[in-house]
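Residue numbers (the working numbering), protein chains in the order written: chain C, 16 to 132; chain G, 4 to 110. What follows is a short report on a single structure.
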């Protein structure tokens, strides 16, 4: 049982390049999320998808786009990477529908270390 | 002011010690509370949910004080393997993560 799988694990981009981070979960979860983690900032929500076919902005959505391809997959795209997007990115999923329900537990992927030069 | 605040530590304790972390949250409407554990360069993993009545899971005890808006985590009989960063989480409709408290358990 893989849980939440993210690819790639590491990526180096030049400013202005684009890329897509892939995420898939095999737990039949309804909700999926993308977070970034920076030193001293904690985990911050970029976008989330409360159910297949819906996406919503989180705390720091600027510079990112997402696609909920199907129930299993939720991708994060950087159209024109900037050094400020250097971070560790985590995808997560949770069983409930509707985003952050009460006591909704999150299951995280292993993360993507992204550097933008 | 951050929505969820934690002492970053590190807390340095010997094996077998009892250690406690506190965390405060600013949104009085918060209904969901958790402690997550994060090892260096790894993903956060759920340690335990936190309930108003307090709850225990083996050596770990979590407490919630709604009046003072703080959450605590008590670890008894610390093990070397408890060394990690502990993330406090609180929220209502969206979960807010603290920046974490680092624990180092030494032999």
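Virtual Cβ for every residue (Gly too), placed ideally from N, Cα, C.
Query	Result
Give every residue of the same chain whose Cβ lies closer than 8 Å to the Cβ of residue 24 (chain C), excluding the five residues on either side of it in the sequence, and list them in chain order.	125, 126, 127, 128
Kindly list, in the order they appear in chain G, the residues whose Cβ is closer than 8 Å to that of residue 105 (chain C).	46, 47
For residue 83 (chain C) and residue 34 (chain C), which I take to be in contact (beta-carbon distance under 8 Å), what is that distance rounded to the nearest angstrom?	That pair is no contact at about 18 Å.
Rounded to a whole number of angstroms, what is the C-alpha to C-alpha distance between residue 104 (chain C) and residue 93 (chain C)?	12 Å
Tell me, which residues are paired with residue 102 (chain C) by DSSP?	C:129
Less than 7 Å between CB atoms is the rule here; does residue 102 (chain C) satisfy it with respect to chain G?	no
Name the chain C residues that come within less than 9 Å of residue 55 (chain G), Cβ to Cβ?	The contacting residues do not exist; residue 55 (chain G) stays about 12 Å from chain C at best.
Taking only beta-carbon atoms, is residue 2 (chain C) less than 7 Å away from chain G?	One cannot answer for residue 2 (chain C) here, as it falls past the ends of chain C, which runs 16 to 132.
Am I right that residue 76 (chain G) and residue 23 (chain G) are in contact with their C-beta atoms under 8 Å? What's the rounded C-beta distance?	7 Å
Contact between the region 74-89 of chain C and the region 57-65 of chain C is defined here as three or more beta-carbon pairs at a separation below 8 Å; is this criterion met?	yes
Closest to residue 50 (chain G) by C-alpha separation, out of G:100, G:12, G:39, G:71, would be which residue?	G:39
Do the region 11-19 of chain G and the region 48-64 of chain G touch if we need at least three Cβ pairs shorter than 8 Å?	no
Does DSSP put residue 58 (chain C) in a helix, a strand or coil?	strand
Counting contacts by CB-CB distance shorter than 7 Å, is residue 126 (chain C) in contact with chain G?	yes
By Cβ distance, which residues of its chain are closer than 6 Å to residue 28 (chain G), with the 5 residues on each side in sequence left out?	7, 72, 93
Under DSSP, the beta strand (DSSP E) around residue 9 (chain G) begins and ends at which residues?	7-9
Buried or exposed: which applies to residue 105 (chain G), given that a residue is buried once 16 or more other Cβ atoms fall within 10 Å of its Cβ?	buried
So, at 7 Å on beta carbons, what are the nonlocal neighbours of residue 67 (chain C) in its own chain, with the 5 sequence-adjacent residues on each side left out?	83, 85, 86
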